[in-house]
Each structure stands twice: as structure tokens, then as C-alpha cells.
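Below: the structure, in C-alpha cells.
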Amino acid sequence: MEWKNANKILPERGHRVLCLYPNGKMDVQLYLGRESFVHDLYGRCIFWTELPKRPKAYFKLMGRNE
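The working numbering runs 527 ahead of the 1-based position in the sequence shown.
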């Protein structure tokens with residue numbers, strides 16, 4: 528995973544990303560704009576990375592063909 532600085536590079540709208548916060552906490556966010564990078568408990572996201580795609584075995588387990 529490559530961590531990107533949230534002050535310099537932003538993800539595309541609608542992408543799910545993993546955010547790292549100043550206190551060391553992490554959370555998955557759906558990026559809809561800069562305001563979606565602010566967490567009520569953890570503060571503003573400082574670094575983010577894209578989540579890897581789910582493996583095909585996951586979809587088989589859930590009974591879906593993707």
C-alpha cells in the first residue's frame with residue numbers, strides 16, 4: 528500500500544479509502560469531498576491509501592458473480 532498525503536493529493540470522488548489520523552487511528556471512508564476526511568472522534572485525515580479490491584473468492588462465498 529502506498530500512503531498519500533491528504534494535504535497534497537486527494538482521491539477521486541466515490542472511492543473508498545483507508546484514512547490515517549493524527550492520533551494513529553485508521554478508518555475506512557467513502558471520499559465525497561474534503562469534508563468526508565474529517566472524523567468526529569479522530570479529527571482530519573492526514574494520510575490515505577486506496578483499499579485493495581476484494582478477491583473473487585469473497586464474491587463466491589457471498590454467492591455473487593462479480
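The C-beta atom is built at its ideal place from N, Cα and C for all residues, glycine as well.
All values derive from a computational prediction rather than experimental measurement.
Excluding the 5 residues preceding and the 5 following Met553 in the sequence, name in chain order all residues of the same chain whose CB lies nearer than 7 angstroms to its CB.
Leu545, Cys546, Leu547
Pick out whichever of Leu537, Leu568, Trp530, Pro582 has its Cα sitting closest to the Cα of Leu557.
Leu537
Identity of the residue in Thr576, Ala584, Lys583 nearest His542 by Cα
Thr576
Examine chain C for any beta-carbon lying closer than 9 angstroms to the beta-carbon of Trp575, and answer yes or no.
The displayed structure is made up of one protein chain only, and chain C is not part of it.
Quick one, are the C-beta atoms of Lys531 and Phe564 less than 9 angstroms apart?
no
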